[in-house]
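Note that the protein sequences, when read in sequence, are chains S and G. If you count the first sequence from 1, you need to add 10 to reach the numbering used here. If you count the second sequence from 1, you need to add 48 to reach the numbering used here. Input: a single structure, listed below in structure tokens.
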Amino acid sequence: EAQVTQNPRYLITVTGKKLTVTCSQNMNHEYMSWYRQDPGLGLRQIYYSMNVEVTDKGDVPEGYKVSRKEKRNFPLILESPSPNQTSLYFCASSPLAGATDTQYFGPGTRLTVL
Amino acid sequence: DQQVKQNSPSLSVQEGRISILNCDYTNSMFDYFLWYKKYPAEGPTFLISISSIKDKNEDGRFTVFLNKSAKHLSLHIVPSQPGDSAVYFCAASAGTDKLIFGTGTRLQVFP
Chain S
11 EAQVTQNPRY LITVTGKKLT VTCSQNMNHE YMSWYRQDPG LGLRQIYYSM NVEVTDKGDV
71 PEGYKVSRKE KRNFPLILES PSPNQTSLYF CASSPLAGAT DTQYFGPGTR LTVL
Chain G
49 DQQVKQNSPS LSVQEGRISI LNCDYTNSMF DYFLWYKKYP AEGPTFLISI SSIKDKNEDG
109 RFTVFLNKSA KHLSLHIVPS QPGDSAVYFC AASAGTDKLI FGTGTRLQVF P
């Protein structure tokens, strides 16, 4: 089954404790991205990757890191989480960059930073 | 600055009636528009799209209308069904640039 998986689905952590949210897709997609969803702000892009070893900042990259060592995986790293990073996070992938290829979203990771 | 706006955070419609969800944009370079649907505890899923060379696209009960002069996009669902209850996001892009999403409209379809 074609899908985007994220782990963990739920996470409660404390300020400053490094964490990684994993994302994996099995569709051989080149383009992957991370979004956060906050009330009244919709989905905002954090980082994206056009292909292996090619990553770039989205609209809200502060406090986040990513890596793309393999085509299928695109982990999101929070080196020192803060309460303002409490949010719902979505990973997405598409065959190519741009809207002409619709994005496939993972199920989301709800992160709470205390 | 919000380039894609959904001014109605919520909408309630009776089953069988038409649901109309609206979206406005400010960037005249946008040339592709999409609607995504999101159920609780799931990721958004693609619903329907439209290119700027068209003014209407239809897929079953779902129709998207594009008014370029007004920079306005709307999604019509006819007839509305309880299973349509979800959050709907409109999104837009210019060329191969990233998607810009709106803030979402929560649709509730009641019996």
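We put the beta carbon where it would ideally sit given N, CA and C, even for glycine. Treat the numbers as computed from the prediction; the structure is a model and nothing was measured.
| Item | Value |
| --- | --- |
| Start and end residues, beta strand (DSSP E) containing residue 154 of chain G | 153-158 |
| Min CB distance residue 74 of chain G to chain S below 8 Å | no |
| Euclidean distance between Cα positions of residue 84 of chain S and residue 12 of chain S | 16 Å |
| Nonlocal neighbours in the same chain, by C-beta distance under 8 Å from residue 57 of chain G, ignoring five residues either side | 151, 152, 153 and 154 |
| Enclosing beta strand (DSSP E) for residue 54 of chain S [first to last residue] | 52-61 |
| Strand pairing of residue 142 of chain G, partner residues [DSSP] | Bridge partners of residue 142 of chain G: none, in fact. |
| Segments assigned beta strand (DSSP E), at least 3 residues, entirely inside the region 30-104 of chain S | 41-48, 52-61, 64-67, 86-88 and 97-104 |
| Contact check, residue 57 of chain S vs residue 34 of chain S, beta carbons under 8 Å | no |
| When G/105, G/74, G/50 and G/116 are compared against residue 123 of chain G, the one with the closest alpha-carbon | G/105 |
| Chain S contacts made by the region 90-111 of chain G, where a contact means CB separation under 8 Å | 90, 91, 92, 93, 94 and 97 |
| Neighbourhood of residue 20 of chain S by C-beta distance below 6 Å, restricted to the same chain and skipping five residues each side | 120 |
| Strand pairing of residue 98 of chain G, partner residues [DSSP] | G/81 |
| Three-state class that DSSP yields for residue 107 of chain G in the structure shown | strand |
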